[in-house]
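When you read off a place in the sequence shown, starting at 1, and then add 2, the result is the number in this note's numbering.
Every residue, glycine too, gets a C-beta built ideally from N, C-alpha and C.
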Amino acid sequence: MQIVLPPELEALVQRQITSGKYQTVLDVLVAGVQLLDHQDEQLADGDITYGALDGDRQFLPLTEAEMAQQSLAVLATYEHDGIPHDQVESWANSLGTDDEQPCPQ
Numbered sequence: 003m004q005i006v007l008p009p010e011l012e013a014l015v016q017r018q019i020t021s022g023k024y025q026t027v028l029d030v031l032v033a034g035v036q037l038l039d040h041q042d043e044q045l046a047d048g049d050i051t052y053g054a055l056d057g058d059r060q061f062l063p064l065t066e067a068e069m070a071q072q073s074l075a076v077l078a079t080y081e082h083d084g085i086p087h088d089q090v091e092s093w094a095n096s097l098g099t100d101d102e103q104p105c106p107q
């Protein structure tokens with residue numbers, strides 16, 4: 003089997019080899035396929051647990067529906083109380099200039 007990877011994936015494979023974690027391209031690809039297989043098995047067996055950390059850094063298991071509900075609540079809070087993108091962008095663009103703006107609150 004011959005595989006042609008896009009340049010960004012070739013670079014990722016090369017970084018893994020350069021890091022010393024893997025010796026060859028084949029080693030990297032085998033590890034990736036094995037990881038996908040393991041993840042598929044976990045999903046099929048229901049072994050993946052969704053959750054969040056509480057204030058004491060204790061894991062609180064949540065259902066996928068509860069996680070989605072939490073995400074929607076956070077998004078709604080951000081949309082109501084968050085700093086608009088254009089203000090953040092303007093501030094970020096001013097950093098390092100003579101007209102640096104204060105961080106938006």
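- Gly98 carries a coil assignment under DSSP once its states are collapsed to helix, strand and coil.
- Residue burial annotation: Val30 is buried, with at least 16 other C-beta atoms found within 10 angstroms of its C-beta.
- Per DSSP, reduced to three states, the secondary structure at Pro106 is coil, with no helix or strand assignment.
- Looking only at Gln16, Tyr52, Cys105 and Lys23, the smallest Cα-Cα distance to Asp88 is reached by Cys105.
- Distances from the alpha-carbon of Ala67 to those of Arg59, Gly53 and Leu77 put Gly53 closest.
- CA-to-CA, the gap between Asp39 and Met69 works out to about 25 angstroms.
- At a Cβ-Cβ threshold of 8 angstroms, Ser96 and Gln107 do not count as neighbours.
- In the three-state reduction of the DSSP assignment, Tyr52 falls in the strand class, which pools E and B.
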